[in-house]
Amino acid sequence: MSVLQAADGALPDARVILDTLAADFALDVGPARVVRRTLLDTFDHRLCAAGLTLTQHGEPSGEQLVLRRAGRPVTCAAVGGARWPALAAALPSGPLRDAVGAASGIRALMVVGDERRRQRRVDLRDQDAKIVARVDVDVPTAGSGGAVQVRVHALTGYSRQARRVTALVTGLGFRPVTGEQCAPVTRGTSAAEPIGRDAPAVLLLAGVLGGFVTAMRENLPGVLDDVDTEFLHDVRVAVRRTRSTLKLARPALPETMRTRWEPAFKWLGDLTTPVRDLDVYLLDLPTMAQWLVAADAADLTHLDEHLRRSRAVQRRTLVRGLRSARFERLLEQWDQTLAELAQSCAARPTAGELSDASIGRAHRKVVRAGAAITVDSPAQSLHTLRKRCKELRYALEVFAPVTDKPARKAALADLKGLQDVLGRFQDCEVQREALREFAHEMMTDGTPAQAVLAMGELIGHLDTEQQQARERFDGAFAQFTRASSARRLRRLAGAR
Amino acid sequence: MKVLATYNIKGGVGKTSTAVNLAHLSAREGRRTLVWDLDPQGAATFIFRVRPRVKGGGHALVSRERPLSAALKATDFENLDLLPADFSYRNMDLDLDDTKRRTKQLDRLLDSVADDYDVVFLDCPPSVSLVSENVLHAADTLLVPLIPATLSLRTFDQLTQFVADAPGKSPQVVAFFSMADRRKRLHREVIEAMPRNGARVAETVVPALSIIEQMAERRAPVTAFAPTSRAAQCYEQLWAEVG
Ligand SMILES: Nc1ncnc2c1ncn2[C@@H]1O[C@H](COP(=O)(O)OP(=O)(O)OP(=O)(O)O)[C@@H](O)[C@H]1O
Ligand SMILES: [Mg+2]
């Protein structure tokens, strides 16, 4: 089957298509059927990126989900009373759920388009009145948007006729659809126009910071509606990047950035932390359940319920904060501040100078903090090193427009090995402490002992993992500070 | 893949009508079905409105110059494909004779589409030939329409003998009465007195019905253009017995 689509905006009448075909074939036009199609995808268009189209159709017999790959149906499933947004896990089990879930992952499916279409099946016959091709003419009803589509179904042994039909329809301005077109995904880090090393640093910073605040805005509705956990995560990433950028670019920025805006974004970051932490525990729970040897996975249901209750409480605080006048003002005035920054015409430092200085400083800080760590160092010192590593990473990302791409990618890869070890080390620490705290809270409201015992087992497991991460640290740090990696970073910081 | 052949040494007994209607019923049930019109006269091909032409002719198929799949045609019915007749099939005996295992060629050709179809009907020309020997090899079931008349039954004797004499695996023979006229005493008597020779005789009798003759003008199976007719019911009953 091939799918042909009218050019953007063109709405050829179904009549025109039929008249054109009638020149070569006798037509048997079937009755018109109106179908409602709801297009579903994740917020970041993961299905589309995977070449998939998921639509929900209202049929008299009930709601149907149809999954297409490059326009061709691959599988379908009946759904009763589906409510969107929902995770793929909420779909009826089967091949459709498996295929959709593999692409959507952690993200919820939501309605990204809605249209009503009038479809007609047309049989095309030759002079013996034999059917030699079939065509579906598919027209959006007035006001529902979308393009007129013609699907040509070739019949075995009649490919020549199908090609003829395709040629006739193409002659009307239709073009083949190869996979469905995705709406472009806006990325928070993309600078508006390429910036050179000699451009003022403030110009680069204004662009980068503007990208971050766009990402925050785009993800905000998903956070408020609690669509899936990634919306909040992406808001937090944008906030964290903003804060790091403000910090590492202090030498190039006006004083108010430090006095006014750094605390403002710290407030925003802190506002989002409790819910994100609980999200992480809830997401990790299935993995944690697999660690249990002595206890039963079912013993964790109490923890699960406790986490959900706590999350509901914390979400109320979060939503109140995000709907507050304070937050609204923050966004508004931040836009204004960035606009002023872009026009401030402070020619120095240049983007190149700031990049060299920032990457160099961040790199030296990592090396210094890491070298000071010995077997006896407290966990806190690894925690500090982790922060330094993050700062170096953000510096590399922020100054991406003015640094060499292959060198930057290699440096980020080197850094990632070290960050993974430090991340695991600290996550174990934090989770262990959190589990202790949860256990305390739960004991006061009469949770059965086995639930707490199961959590004890998890704490034991985290302990072992943390030790393992600690043991891997020396190797990872040595790998990061090896001569070739150090040389690469010095070059990224402007050394010849 | 199940292979059924409609076969009789005698002509004009209802082989093609049976193959076309049962194939349509099989496809209607959702089974992927193929009809191979082996008769150079192309009666089944005509009924399905397909042009009786195979590129390179029977020779290209038998010699494997062209794959069977390249000659397939979709019919107007879902799940039902046709391998059309070609006038060159009249020389198929000679083409088969040139091959190595000359009685097993059809069977091997059908192997190439074994994954694509659940049911295959072979509509055979009326004769005893190398083609029919190949059909015996390829078919799981030989569907034999019989006109209840003494002469007609004599050829049934010959047919069962032919099947018994053929070397290798032989198909199950299922005979049924076709174009029977219940009002004719002769028909009744013949049906009752028929020597079975170990063959299975289906319960279903397809009587002489003029609507079946209309298939040639309507160019479609009776089961498609008159699905509730008595004729269609008879074919449904027959398909339930042999399918
Ligand atoms: N049950 C029936 N009642 C009336 N006419 C029938 C019946 N079955 C077949 N016919 C008609 O008899 C003629 C021969 O039937 P058909 O073509 O099916 O037989 P055949 O055995 O395939 O013939 P051939 O040997 O020529 O291939 C056709 O005109 C057909 O319409
Ligand atoms: Mg015939």
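These protein sequence lines map, in sequence, to chains A and B. 325 is the number that numbering that gives the first Met the number 0 gives to position 326 of the first sequence; each next residue is one higher, with no gaps. 194 is the number that numbering that gives the first Met the number 0 gives to position 195 of the second sequence; each next residue is one higher, with no gaps. Every residue, glycine too, gets a C-beta built ideally from N, C-alpha and C. Because the structure is a prediction, the values reported are computed rather than measured.
Of the listed residues the options, nearest to residue i (C-alpha basis)
i: residue 157/A; options: 236/B, 153/B, 159/B, 82/B; result: 82/B
i: residue 43/A; options: 438/A, 351/A, 217/A, 487/A; result: 217/A
i: residue 122/A; options: 455/A, 153/A, 140/A, 108/A; result: 153/A
i: residue 147/B; options: 103/B, 113/B, 206/B; result: 206/B
i: residue 162/B; options: 59/B, 129/B, 175/B; result: 129/B
i: residue 79/B; options: 139/B, 24/B, 241/B, 158/B; result: 24/B
i: residue 147/A; options: 337/A, 445/A, 12/A, 317/A; result: 12/A
i: residue 23/A; options: 1/A, 294/A, 252/A, 161/A; result: 161/A
i: residue 292/A; options: 384/A, 452/A, 50/A, 164/A; result: 452/A
i: residue 99/A; options: 57/A, 130/A, 52/A; result: 52/A
i: residue 373/A; options: 469/A, 79/A, 109/A, 435/A; result: 469/A
i: residue 224/A; options: 131/A, 130/A, 164/A, 321/A; result: 321/A
i: residue 268/A; options: 214/A, 50/A, 238/A, 450/A; result: 238/A
i: residue 392/A; options: 133/A, 240/A, 226/A, 20/A; result: 240/A
i: residue 463/A; options: 290/A, 67/A, 193/A; result: 290/A
i: residue 103/B; options: 114/B, 145/B, 169/B; result: 169/B
i: residue 166/A; options: 424/A, 471/A, 2/A, 129/A; result: 2/A
Through-space distance from residue j to residue i, alpha-carbon basis
i: residue 156/B; j: residue 30/A; result: 54 Å
i: residue 186/A; j: residue 327/A; result: Here the model assigns residue 186/A a pLDDT of 40, short of 50, so the residue's position is not dependable, and the following value carries that caveat. Looking at the two C-alpha atoms, the distance is approximately 22 Å.
i: residue 341/A; j: residue 196/A; result: 16 Å
i: residue 358/A; j: residue 456/A; result: 42 Å
i: residue 40/A; j: residue 228/A; result: 16 Å
i: residue 245/A; j: residue 303/A; result: 38 Å
i: residue 349/A; j: residue 199/A; result: 4 Å
i: residue 172/A; j: residue 233/A; result: 41 Å
i: residue 37/A; j: residue 346/A; result: 51 Å
i: residue 181/A; j: residue 51/B; result: Since pLDDT at residue 181/A reaches only 49, below the 50 mark, its modelled position is unreliable, and no value is offered.
i: residue 465/A; j: residue 396/A; result: 29 Å
i: residue 176/B; j: residue 231/B; result: 15 Å
i: residue 4/B; j: residue 87/A; result: 49 Å
i: residue 6/B; j: residue 73/A; result: 40 Å
i: residue 430/A; j: residue 295/A; result: 20 Å
i: residue 210/B; j: residue 101/A; result: 56 Å
i: residue 36/B; j: residue 45/B; result: 10 Å
i: residue 48/B; j: residue 125/B; result: 22 Å
i: residue 2/B; j: residue 85/A; result: 49 Å
i: residue 192/B; j: residue 233/B; result: 22 Å
i: residue 427/A; j: residue 415/A; result: 18 Å
i: residue 151/A; j: residue 136/A; result: 9 Å
i: residue 195/B; j: residue 135/B; result: 19 Å
i: residue 413/A; j: residue 400/A; result: 20 Å
i: residue 235/B; j: residue 127/A; result: 28 Å
Contacts of residue i in chain B (Cβ-Cβ under 8 Å)
i: residue 157/A; result: 72, 73
Contact set between residue i and chain B, taken where Cβ atoms lie within less than 7 Å
i: residue 154/A; result: 73
Within chain A, the residues that residue i reaches when beta carbons sit closer than 9 Å
i: residue 49/B; result: 127, 129, 156
Cutoff 8 Å: residue i Cβ touching any chain E Cβ
i: residue 211/B; result: Judged by its chain identifiers, the structure shown contains no chain E, and its protein chains are A and B.
Of the residues that make up the segment 64-85 of chain B, which ones have a beta carbon closer than 7 Å to any beta carbon in chain A?
71, 72, 73, 75, 80
When the Cβ atoms of the segment 409-429 of chain A are set against those of the segment 471-491 of chain A, are three or more pairs found closer than 8 Å?
yes
Taking contact to mean 3 or more Cβ pairs, one atom from each stretch, closer than 8 Å, check whether the segment 241-258 of chain A and the segment 283-293 of chain A are in contact.
Touching, no, given that fewer than three Cβ pairs across the two stretches are closer than 8 Å.
Segment contact, 8 Å Cβ cut-off, at least three pairs: the segment 114-132 of chain A with the segment 21-37 of chain A:
yes
Examine the Cβ distances between the segment 19-39 of chain B and the segment 434-446 of chain A and report whether three or more of them are shorter than 8 Å.
no
Is it a yes or a no for the segment 50-65 of chain A touching the segment 129-141 of chain A, going by three-plus beta-carbon pairs under 8 Å?
no
Does the pairing of the segment 319-337 of chain A with the segment 469-478 of chain A give three or more beta-carbon distances under 8 Å?
Contact between the segment 319-337 of chain A and the segment 469-478 of chain A is absent, because fewer than three Cβ pairs lie under 8 Å.
Below 8 Å, can you find three or more Cβ-Cβ pairs linking the segment 47-62 of chain B to the segment 85-103 of chain B?
yes
When the Cβ atoms of the segment 182-191 of chain B are set against those of the segment 5-18 of chain B, are three or more pairs found closer than 8 Å?
Under the three-pair Cβ rule at 8 Å, the segment 182-191 of chain B does not count as touching the segment 5-18 of chain B.
Does the segment 112-130 of chain B come close enough to the segment 15-23 of chain B that 3 or more CB-CB pairs lie under 8 Å?
yes
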